[in-house]
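Whatever position you read off the sequence shown (first residue = 1), add 20 for the numbering used here. Glycine included, each C-beta is placed from N, C-alpha and C at the ideal position.
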Amino acid sequence: MLLRTFKRGGIHPPEEKLSADLAIEYGEIPGSLLVPVNQHIGKPCNVLVKKGTAVKRGDVLAEADGFVSSNVHAPVDGKVQKILNFPQLGGQIKECIQITPDNPGESYQSVLEGDTFQEVDVDGLDRDEIRKTIAKAGLVGMGGAGFPTHVKLSPPPDKTIDTLIINGAECEPYITADHRLMIEKSDELVRGIKILQKLFDDVMIYIGIEENKADAIETLEQATKDEVKMKVIPLKTKYPQGGEKQLIKAVLNREVPSKGLPMDVGVIVQNVGTLKAIYDAFFYQRPLMERVVTVSGNVVKRAGNILVPIGTPVSYLIEKYEIDKSRIKRLVSGGPMMGRTSYSFESPVSKTSSAVLFFDDSVYDTRDENPCIRCGNCIAVCPMGLPVAQVTEMIKANNVTPDIKNYIMDCIECGSCSYVCPADRRLVHWMRFGKNIINREN
Ligand code: SF4
Ligand code: SF4
Numbered sequence: 021m022l023l024r025t026f027k028r029g030g031i032h033p034p035e036e037k038l039s040a041d042l043a044i045e046y047g048e049i050p051g052s053l054l055v056p057v058n059q060h061i062g063k064p065c066n067v068l069v070k071k072g073t074a075v076k077r078g079d080v081l082a083e084a085d086g087f088v089s090s091n092v093h094a095p096v097d098g099k100v101q102k103i104l105n106f107p108q109l110g111g112q113i114k115e116c117i118q119i120t121p122d123n124p125g126e127s128y129q130s131v132l133e134g135d136t137f138q139e140v141d142v143d144g145l146d147r148d149e150i151r152k153t154i155a156k157a158g159l160v161g162m163g164g165a166g167f168p169t170h171v172k173l174s175p176p177p178d179k180t181i182d183t184l185i186i187n188g189a190e191c192e193p194y195i196t197a198d199h200r201l202m203i204e205k206s207d208e209l210v211r212g213i214k215i216l217q218k219l220f221d222d223v224m225i226y227i228g229i230e231e232n233k234a235d236a237i238e239t240l241e242q243a244t245k246d247e248v249k250m251k252v253i254p255l256k257t258k259y260p261q262g263g264e265k266q267l268i269k270a271v272l273n274r275e276v277p278s279k280g281l282p283m284d285v286g287v288i289v290q291n292v293g294t295l296k297a298i299y300d301a302f303f304y305q306r307p308l309m310e311r312v313v314t315v316s317g318n319v320v321k322r323a324g325n326i327l328v329p330i331g332t333p334v335s336y337l338i339e340k341y342e343i344d345k346s347r348i349k350r351l352v353s354g355g356p357m358m359g360r361t362s363y364s365f366e367s368p369v370s371k372t373s374s375a376v377l378f379f380d381d382s383v384y385d386t387r388d389e390n391p392c393i394r395c396g397n398c399i400a401v402c403p404m405g406l407p408v409a410q411v412t413e414m415i416k417a418n419n420v421t422p423d424i425k426n427y428i429m430d431c432i433e434c435g436s437c438s439y440v441c442p443a444d445r446r447l448v449h450w451m452r453f454g455k456n457i458i459n460r461e462n
């Protein structure tokens, strides 16, 4: 079979999908949760609770402020202990609401079993109602970006959407949370897709899945076999295929222009986890209060995929998976390519935490940067076709001229360039630094 993929650049890091065959397990309610107030891109929320407020699971803790913002809900029954600034997974310090649950230690599965399923007449839903329900439930892109879902699903009238792409690429090493959702929750995902289908006229749905997830391809082909407007597209395994622009190129052979968005080429991309959350919001009236997290890395005795309430601290996962703390030298939120190093075992799982990875020092390059040998590897693998070596030299020299700004802003921070550089140059870091310089100027 000829598999589709994006054409320009890309790499094949070792897959290390240690938890691919491990079913999603349920965590327990931890002794304390730290719920981040802002887990989205956009305007910060307004906190509605204070120290001592008793909350019920599903209550709004922080309310969206404006359209590009997103509600945050209490994942457990409990009491607000305090509101504090705390390091997040990814390193930034952000406001959090600390909740002491009423039922620590209770299986999260039993909590979920208390929720009532309610059949929904999807054909009877109107478009405004769908967007409002998604906004009310605090849904954001769960693949990492955290862009509010209702905003993404509300393109301006001059943009005609003819295609929805469901992103099942999960191309980062180690992460398997979406893979397991596609295998174990395929019917729920299809029901979530049918709700989104209602939003656009005559829209075609493609589910892009890399060939290293053959079981997910088969399961979703089966689940969509009677759907004429849904099609599973098996993709060649290549990093960073999960990037929106790369996925659109791979599935549709459409090119999102520089500084453009998928909607400029008639497409909206949705993550698998977000679709499951859409299903929960409609069929269980359950806002986004939980997520599946892959726990893995080279120091774990056993890896896994676990469904936990938002706000669960990393220390809970360390204990649950019996990870030897003394061996952990790097804690990474997300995948090893695009994820961020984190510094506190008490940092909480958020709506966008696809994975928490634990490593010793052996997998990270601690060598010094060496002079560029002009090999061109970074340019060859860059999926955005950027002249990486030259641009990073100019950033390093603090010479961010107007003509290189577009290159810098087009960088998707995939890390492919750093991965292949024989001179150990921290190319993606320089690109990020360049973006900071530009953002400071604006
Ligand atoms: S991190 Fe940026 S510059 Fe480097 S390969 Fe990826 S897109 Fe290109
Ligand atoms: S890969 Fe590294 S050494 Fe090769 S051209 Fe790029 S920056 Fe220079």
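- For the options Gly405, Met429 and Pro391, the alpha carbon positioned closest to that of proline 442 is the one of Pro391.
- Here aspartate 85 is exposed: its Cβ has fewer than 16 other Cβ atoms, across all protein chains shown, within 10 Å.
- Within the same chain, and ignoring the five residues on either side of threonine 169 in sequence, the residues whose Cβ sits closer than 7 Å to its Cβ are Ile154, Leu159, Val160, Gly161 and Thr294.
- For cysteine 402, the Cβ falls inside the 6 Å cut-off from some heavy atom of ligand 1.
- Nearest neighbour of leucine 447 by Cα position, chosen from Asn462, Ile227, Val401 and Gln242, turns out to be Val401.
- Secondary structure at asparagine 273: coil, using DSSP grouped into helix, strand and coil.
- Around the CB of isoleucine 225, 16 or more other CB atoms lie within 10 Å, so the residue is classed as buried.
- CA-CA distance, phenylalanine 137 to glycine 396, rounds to 56 Å.
- Look at methionine 224 here: in three-state DSSP terms it is strand.
- According to DSSP, phenylalanine 378 shares a beta bridge with Gly317 and Leu351.
- In summary, glutamate 461 is exposed, with fewer than 16 beta-carbon neighbours lying within 10 Å of its beta-carbon over all protein chains present.
- Residue environment analysis places asparagine 91 among the buried positions, since at least 16 neighbouring C-beta atoms fall within 10 angstroms of its C-beta.
- The three-state reading of DSSP puts asparagine 187 in strand, counting E and B together.
- A straight-line Cα-Cα distance of about 51 Å links valine 210 and alanine 417.
- The nearest non-hydrogen atom of ligand 2 is less than 6 Å from the C-beta of isoleucine 393.
- DSSP places tyrosine 128 within a helical segment (H, G or I) once states are collapsed to three.
- Going by DSSP, proline 422 is part of the alpha helix (DSSP H) stretching over 422 to 430.
- With 16 or more other Cβ atoms from the protein chains shown falling within 10 Å of its own Cβ, phenylalanine 220 counts as buried.
- As the crow flies, the alpha-carbon of arginine 350 is around 7 Å from that of aspartate 381.
- Listed in chain order, the beta strand (DSSP E) runs fully inside the region 52 to 100 are 53 to 56 and 80 to 83, counting runs of at least 3 residues.
- Excluding residues up to 5 positions away in sequence, Ser353, Ser362, Ser367 and Ser373 lie with their Cβ nearer than 6 Å to the Cβ of leucine 109 in the same chain.
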